[in-house]
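Chemist: Every number in my numbering is 49 more than the matching position in the sequence shown, counting from 1.
Idealized CB from N, CA, C, for every residue including glycine.
Owing to the predicted nature of the structure, the values given are computational and were not obtained by experimental measurement.
The following block contains the structure, expressed as structure tokens.
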Amino acid sequence: MKHSTFRFSVILAVLAMFTFNAFATEESEEKWDDFSKNLVKALTSENNGIQKSAMQMVIKHGDKVDVNDAAYDVLYVFRTDENQKVRQLALSTLAKINNDQVNYLLERQIKFEADPVIRKQLEAISATK
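This is the structure in structure tokens:
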């Protein structure tokens, strides 16, 4: 368990350093492409903490990153996680990703969503699309 926590900390530190370096210097398309690839890896990771950190980064930099390849992985988190806050994080991430197929699935989800807070967020996102 200690090894897992250490590995998580190291990955987060590397992600934070890359983020700082990518944005502290000149913003180039190549750096955003590299950052996007790293975010896709993080979003598809089996480590929940790394996924959550990556989702936060997508929300923060959604207009500059392309993480469409991880849209279904984030959708899986949205549909399966039991924690309402994690589901909201995933839903906000999906709104930033703005994948047409995922948006369609989210619109259908409104009918079946049991959580009123999530349903309201789904409706708000659907209204902006």
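If you scan the segment 102-143 from start to end, which runs of the alpha helix (DSSP H) of 4 or more residues do you find wholly inside it?
Modeler: Qualifying alpha helix (DSSP H) stretches, in chain order: 120-129.
Chemist: In or out: Gln105 buried (at least 16 other Cβ within 10 Å) or exposed?
Modeler: One-based indexing of the sequence shown puts residue 105 at position 56. Under this definition Gln105 is an exposed residue.
Chemist: Using only the alpha-carbon positions, how far apart do Asp80 and Lys134 sit?
Modeler: By 1-based counting over the sequence shown, the position of residue 80 is 31. By 1-based counting over the sequence shown, the position of residue 134 is 85. Before going further, note that residue 80 is Lys rather than Asp in the sequence given. The straight-line gap from Cα to Cα measures roughly 30 Å.
Chemist: Decide if Asn132 is buried, meaning its Cβ has at least 16 other Cβ atoms within 10 Å, or exposed.
Modeler: Taking the sequence shown and counting its residues from 1, the one referred to as residue 132 is at position 83. Under this definition Asn132 is an exposed residue.
Chemist: Taking C-beta to C-beta, are Val116 and Ser94 nearer than 8 Å?
Modeler: Taking the sequence shown and counting its residues from 1, the one referred to as residue 116 is at position 67. Taking the sequence shown and counting its residues from 1, the one referred to as residue 94 is at position 45. It is not a contact, given that the beta carbons lie outside the stated cut-off.
Chemist: With a Cβ-Cβ cutoff of 8 Å, do Ala103 and Ala91 count as a contact?
Modeler: On the sequence shown, position 54 is the one that residue 103 refers to. On the sequence shown, position 42 is the one that residue 91 refers to. It is a contact, given that the beta carbons lie within the stated cut-off.
Chemist: Under three-state DSSP, which class holds Glu162?
Modeler: Within the sequence shown, residue 162 is the residue found at index 113, counting from 1. Coil, per DSSP.
Chemist: Return yes when the Cβ of Ser141 is within less than 8 Å of the Cβ of Glu156, no when it is not.
Modeler: Taking the first residue of the sequence shown as 1, we reach residue 156 at position 107. Taking the first residue of the sequence shown as 1, we reach residue 141 at position 92. The answer is no: Cβ separation not under 8 Å.
Chemist: How long is the line joining the alpha carbons of Val126 and Asp82, rounded to whole angstroms?
Modeler: Locating residue 126 in the sequence shown gives position 77, counting from the first residue. Locating residue 82 in the sequence shown gives position 33, counting from the first residue. Rounded to whole angstroms, Val126 to Asp82 spans 24 Å at the Cα level.
Chemist: State the start and end residues of the unbroken alpha helix (DSSP H) segment that holds Glu79.
Modeler: Taking the first residue of the sequence shown as position 1, residue 79 is located at position 30. Element bounds for Glu79: 78-92.
Chemist: Specify the secondary structure class of Glu95 as computed by DSSP and reduced to three states.
Modeler: Mapped onto the sequence shown, residue 95 falls at position 46. Glu95 falls in the coil class under three-state DSSP.
Chemist: In terms of alpha-carbon separation, which member of Asp112, His110, Val114, Ala139 lies closest to Asp122?
Modeler: Locating residue 122 in the sequence shown gives position 73, where the first residue counts as 1. Residue Ala139 is the option with its Cα nearest to Asp122.
Chemist: Should Asp118 and Val151 be called a contact, given that it needs their Cβ atoms to be closer than 8 Å?
Modeler: As a position in the sequence shown, residue 118 is number 69, starting the count at 1. As a position in the sequence shown, residue 151 is number 102, starting the count at 1. No, the pair does not count as a contact, with Cβ atoms beyond the cut-off.
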